[in-house]
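In the numbering used here, the protein residues as written are 63 to 269.
Note that the Cβ used here is the ideal one computed from N, Cα and C, for glycine as well.
From a predicted model like this one, the values you see are computed outputs, not experimental measurements.
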């Protein structure tokens with residue numbers, strides 16, 4: 063299922079991302095703020111656990127999110143600002159990293175770095191700023207699914223209708239939370255209107 067945010071603040075922050083005058087620091091910060099909004103929506107109905115803490119009145123128990131049961135994963139490198147923001151909020155969660163490169167001849171993804179914690183029985187939150195064709199996300203979902211997580215959630219900033227349809231059709235059990243569904247993909251498979259290359263803009267990487 064695909065869930066799109068409708069908050070006017072989210073739309074305003076997306077416009078800041080599209081603004082080419084936003085420098086790398088502002089771009090990363092804005093990505094982080096939108097990630098928090100997505101996280102709030104995605105974890106509205108979590109499984110809560112009782113946690114005993116020391117308050118000013120002494121020992122007390124409260125219901126909290128079971129952060130130890132959550133893994134926040136990203137495909138390097140564009141998703142790093144999203145991952146940093148998510149683990150800032152969920153400080154007890156584990157982080158996971160994947161690095162994949164598509165072979166230009168076979169069009170298949172080659173996994174060259176895998177640093178995912180054990181996923182079995184856990185909630186995996188996959189963060190990735192952009193869903194264009196959906197190919198990279200599906201490659202990551204295929205890998206994660208084989209590790210028997212309890213649930214997979216994705217957090218995305220913008221995406222194309224074509225890419226989201228492809229992913230949700232292939233993985234109907236995955237909940238996709240996205241800040242903005244853009245108009246379309248162009249002939250070069252770029253999101254329109256889009257916001258440019260999220261990795262390059264986050265880290266001032268030369269084009």
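I think residue i touches residue j, with their Cβ atoms under 8 Å apart; what is that distance to the nearest whole Å?
i, j, result
"residue 131", "residue 206", "Rounded, the Cβ-Cβ distance is 15 Å, inconsistent with contact."
"residue 217", "residue 79", "Not a contact, Cβ separation roughly 15 Å."
"residue 147", "residue 98", "6 Å"
Does the beta-carbon of residue i have 16 or more other beta-carbons within 10 angstroms, so that it is buried, or is it exposed?
i, result
"residue 158", "buried"
"residue 110", "exposed"
"residue 150", "exposed"
"residue 143", "buried"
"residue 68", "exposed"
"residue 101", "buried"
"residue 232", "exposed"
"residue 82", "exposed"
"residue 136", "buried"
Can you list, in chain order, the residues of its chain whose CB lies under 8 Å from that of residue i, leaving out five sequence neighbours each side?
i, result
"residue 163", "171, 172, 174"
If you drop the 5 nearest sequence neighbours on each side, which residues of the same chain put their C-beta closer than 6 Å to that of residue i?
i, result
"residue 104", "215, 239"
"residue 321", "The question about residue 321 has no answer here: the residues shown for the chain are numbered 63 through 269."
According to DSSP, simplified to helix, strand and coil, what is residue i?
i, result
"residue 89", "helix"
"residue 139", "coil"
"residue 63", "coil"
"residue 228", "helix"
"residue 246", "strand"
"residue 239", "strand"
Enumerate, from N- to C-terminal direction, the unbroken beta strand (DSSP E) stretches of 3 or more residues contained entirely within the stretch 99 to 135. 110 to 117, 120 to 127
I'd like the ranges of any beta strand (DSSP E) spanning at least 3 consecutive residues and lying wholly in the stretch 135 to 215. 156 to 164, 171 to 177, 185 to 189
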